[in-house]
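Contents: one structure, followed by commentary.
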Amino acid sequence: MKFISTTGKGPEINFREAVIGNLPEDGGLYFPTRIPKLNKGFLKEVPGLELHEIAARALSEFCDRDIDKNSLEGITNRVFDFPIPLVEVENGIHCLELFHGPTYAFKDVGAKFLAECLAHFNTSDNQKTTVLVATSGDTGGAVANGFLGVDGVDVVILYPKGKVSELQEKQLTTLGQNIKALEVEGTFDDCQRLVKSAFADKEIAAEKRLSSANSINIARWLPQSVYYYVPLQNGMQDQVISIPSGNYGNLTSGVLAMNMGIPIRKFIAASNANDVVPRYLRTASYDPSETIATIANAMDVSDPSNFKRLLTLFGSDFKKIAESLFPFSLEDSEIKDTISKCFENNGYLLDPHSAIAFQGLKKLSNQGVFLGTAHYCKFLPTINESLSSDTDVPDFAKGLLKKEKKTIRMDNDFAFFKEFLLSQ
Ligand SMILES: *Cc1c(COP(=O)(O)O)cnc(C)c1O
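Here numbering that gives the first Met the number 0 is used: position 422 in the sequence shown is 421, and no number is missing along the way.
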């Protein structure tokens, strides 16, 4: 399989080059030159296979030139090493629980797959790579965990002091080994600016090989398509699937799975107040506005980068896009209301992101599958504001809270950050 920019211009390159290159220079995103079709025999076998076996089969054509079959099976075995159950939350409304991985969020799969691919490609050269990650809480942990213990890679995480939940902070700051956490006196935007400045700095570039493990990397995008085989694995076909969306990586990987032959009826593009895609689906006009801070903050994206992949998947045909995607969005107060009602009615706790998808599915279809993208315990302050009672951290996460936080505190000061990087 070859890859090319979503602009359709530039060279066709192999998987390895697309993963290492991260982004084409022309402002597009890497995309396969054709969408492989799954064979009917394989689709019939899916219910009898383990998820890591499904993943190896589903992804093999994309990586065929650069990762041999045995290595790919090893990689998917290590990436898909936790359960992804389908749980009926309410009559006919099923949650695809993507949050049983190491950091209790769906990004664990993409981040780990990317780390495994880079480790596989890295074995032949000796220069260390430093991965820089700015996080508002949810994403950084998945990337750091994916790279934990990977030879030849150091990870530096920047997060805004006091602006992530206690559990998220422990996930970022207790890993040790090749992972370092910087606690920045500032906002998430400040953290992002520091990272951008580091990439632009010539002295750092001369000394260090920096990488961003960016969420739009093709190796983070492709393996997410495997989630959409799970309903079929559980004997459920042709479902409406509701997806809490920010950068639209998850939703577009679902469209990829559908185009490869997984039977899916329709998707719900469920957003928070940053509703640029739902508005596009209603009006045919793509009109990004300022980013709004919400309680579902992993979805606070006003101009999603994967919109380009969405257009490419549908050949830029608005009619086809609008036929396959239902628009839906919720404001903060409605998210809290949904968390509270679902707990009252079903005894099931939703995190703020999954709550949007749950409500979208109830409103627009009344049956089907919604994606549970994070465990509620990562967002306890919001959960406790939504419910009248106080909720405790579940037992499986208590050990993490006891671990000792290790950070390097810093002001929002590029000179300090630069010196830190050069001293590593
Ligand atoms: C990143 C994230 C999302 C949004 O996923 P995209 O692929 O960016 O659309 C939703 N929920 C949670 C918990 C996330 O971390």
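The C-beta atom is built at its ideal place from N, Cα and C for all residues, glycine as well.
Keep in mind the model is a prediction, meaning the values are calculated, not measured.
Any non-hydrogen atom of ligand 1 within 7 Å of G373 CB: Translated into positions along the sequence shown, residue 373 becomes position 374. Residue identity differs from the one stated: residue 373 is Ala in this sequence, not Gly. Yes, the beta carbon of A373 sits closer than 7 Å to at least one heavy atom of ligand 1.
Secondary structure of R33, DSSP reduced to three states: To locate residue 33, count along the sequence shown from 1; it is residue 34. Coil, per DSSP.
T138 Cβ short of 7 Å to ligand 1 heavy atom set: Indexing the sequence shown from 1 puts residue 138 at position 139. Flag set: Cβ of T138 near ligand 1.
Cβ-based neighbour list, L255, same chain, cut-off 6 Å, excluding 5 preceding and 5 following: Start at 1 with the first residue of the sequence shown, and residue 255 comes out as number 256. Excluding positions up to five away in sequence, the list reads S224.
Buried or exposed (CB count within 10 angstroms, at least 16 for buried), I291: Within the sequence shown, numbered from 1, the residue matching residue 291 stands at position 292. Looking at its Cβ environment, which holds fewer than 16 other Cβ atoms inside 10 Å, I291 is exposed.
F306 versus T293, L324, N296, residue with shortest Cα-Cα distance: Mapped onto the sequence shown, residue 306 falls at position 307. When only C-alpha atoms are compared, the closest one is L324.
Rounded distance between the beta-carbons of A143 and V132, thought under 8 Å: Your numbering for residue 132 matches position 133 in the sequence shown. Your numbering for residue 143 matches position 144 in the sequence shown. Contact check for V132 and A143: beta-carbon distance about 7 Å, within the 8 Å limit, so the pair qualifies.
Nearest-angstrom Cα separation, counted from L193 out to D412: For the purposes of this step, residue 412 is taken as residue 413 along the sequence shown, with counting starting at 1. For the purposes of this step, residue 193 is taken as residue 194 along the sequence shown, with counting starting at 1. Cα to Cα, D412 sits roughly 8 Å from L193.
Coarse secondary structure for E163, derived from DSSP in three states: Indexing the sequence shown from 1 puts residue 163 at position 164. A small correction: the amino acid at residue 163 is Val; Glu does not occupy that position in the sequence shown. In the structure shown, V163 sits in coil (DSSP, three-state: anything other than H, G, I, E or B).
Residue nearest to A141 in terms of C-alpha spacing, selected from N273, A297, K195: Locating residue 141 in the sequence shown gives position 142, counting from the first residue. Of the candidates N273, A297, K195, the one whose C-alpha sits nearest the C-alpha of A141 is A297.
Member of T5, I240, C376 whose CA lies at the smallest distance from the CA of F369: Residue mapping note: residue 369 aligns to position 370 of the sequence shown, counting from 1. Nearest option by C-alpha distance: I240.
Own chain, CB closer than 7 Å to T5, minus 5 neighbours either side, in chain order: Translated into the one-based positions of the sequence shown, residue 5 becomes position 6. Only G27, L28, F30, K307, R308, T311 meet the Cβ criterion.
Three-state class that DSSP yields for Q238 in the structure shown: Residue mapping note: residue 238 aligns to position 239 of the sequence shown, counting from 1. Correct three-state label for Q238: strand.
Same chain, Cβ closer than 6 Å to N249, neighbours up to 5 away in sequence not counted: Mapped onto the sequence shown, residue 249 falls at position 250. For N249, same chain residues with a beta-carbon under 6 Å away, outside a window of 5 residues either side, are Q223, I242 in chain order.
Per DSSP, the bridge partner or partners of E87: The count along the sequence shown starts at 1 and reaches residue 87 at position 88. DSSP, once it has assigned bridges, lists H93 as partnering E87.
Contact set for P82: own chain, Cβ-Cβ below 7 Å, skip 5 residues either direction: For the purposes of this step, residue 82 is taken as the residue at position 83 of the sequence shown. Around P82: H99.
Own chain, CB closer than 6 Å to K111, minus 5 neighbours either side, in chain order: Along the sequence shown, one-based indexing puts residue 111 at 112. Non-local beta-carbon contacts of K111 in its own chain, meaning distances under 6 Å to residues more than five positions away in sequence, involve V78, G145 in chain order.
Span of the alpha helix (DSSP H), counted from its first residue to its last, around T128: For the purposes of this step, residue 128 is taken as the residue at position 129 of the sequence shown. Going by DSSP, T128 is part of no alpha helix (DSSP H) but of the beta strand (DSSP E) stretching over 128–133.
Beta-ladder partner(s) of Y158, from DSSP: Position 159 of the sequence shown, counting from 1, holds the residue named residue 158. E182, per the DSSP bridge assignment.
Collapsed DSSP secondary structure at P380 in the structure displayed: In the sequence shown, residue 380 corresponds to position 381, counting from 1. Helix.
Span of the beta strand (DSSP E), counted from its first residue to its last, around R278: Counting from one through the sequence shown, the residue named residue 278 turns up at place 279. Unbroken run through R278 is the alpha helix (DSSP H), 275–282; no beta strand (DSSP E).
CA nearest to the CA of A268, picked from G359, K195, Y227: By 1-based counting over the sequence shown, the position of residue 268 is 269. Among G359, K195, Y227, the Cα nearest to that of A268 belongs to G359.
Within 8 Å, strictly: CB atoms of P287 and D299: Numbered from 1 along the sequence shown, position 288 holds the residue referred to as residue 287. Numbered from 1 along the sequence shown, position 300 holds the residue referred to as residue 299. No, the pair does not count as a contact, with Cβ atoms beyond the cut-off.
Per DSSP, cross-strand counterpart(s) of L209: Against the sequence shown, residue 209 aligns to sequence position 210. Note: L209 sits in a beta bridge opposite T129.
Heavy atom of ligand 3 within 7 Å of L221 beta-carbon: In the structure shown, ligand 3 is absent; the only ligands present are ligand 1.
Residue closest to A354, alpha-carbon to alpha-carbon, out of D336, V275, S364: Residue 354 sits at position 355 when you count from the first residue of the sequence shown. Closest option to A354, Cα to Cα, is D336.
Near ligand 1: M259 beta-carbon under 7 Å from a heavy atom: In the sequence shown, residue 259 corresponds to position 260, counting from 1. No - ligand 1 has no heavy atom lying nearer than 7 Å to the Cβ of M259.
V392 - DSSP class collapsed to helix/strand/coil: Locating residue 392 in the sequence shown gives position 393, counting from the first residue. The answer is coil: DSSP assigns V392 none of H, G, I, E or B.
Extent of the continuous beta strand (DSSP E) to which L324 belongs: The residue you call residue 324 lines up with position 325 of the sequence shown. For L324, the enclosing beta strand (DSSP E) stretches over residues 324–328.
Boundaries (first-last residue) of the alpha helix (DSSP H) holding R56: Stepping through the sequence shown from its first residue, residue 56 is reached at position 57. 50–62 is the span of the alpha helix (DSSP H), which, as asked, contains R56.
Start-to-end residues for the alpha helix (DSSP H) that takes in V229: Residue mapping note: residue 229 aligns to position 230 of the sequence shown, counting from 1. Note, V229: alpha helix (DSSP H), 229–232.
For K397 and E403, the rounded distance between their alpha carbons: Taking the sequence shown and counting its residues from 1, the one referred to as residue 403 is at position 404. Taking the sequence shown and counting its residues from 1, the one referred to as residue 397 is at position 398. Distance between the alpha carbons of E403 and K397: 13 Å.
Cβ-Cβ distance between V229 and L50 below 8 Å: Translated into positions along the sequence shown, residue 229 becomes position 230. Translated into positions along the sequence shown, residue 50 becomes position 51. Going by C-beta atoms, V229 is nearer than 8 Å to L50.
Local conformation of S4 per DSSP, three classes: Within the sequence shown, the letter at position 5 stands for residue 4. Strand at S4.
Cβ pair K1, T32 closer than 8 Å: One-based indexing of the sequence shown puts residue 1 at position 2. One-based indexing of the sequence shown puts residue 32 at position 33. Yes. Within cutoff.
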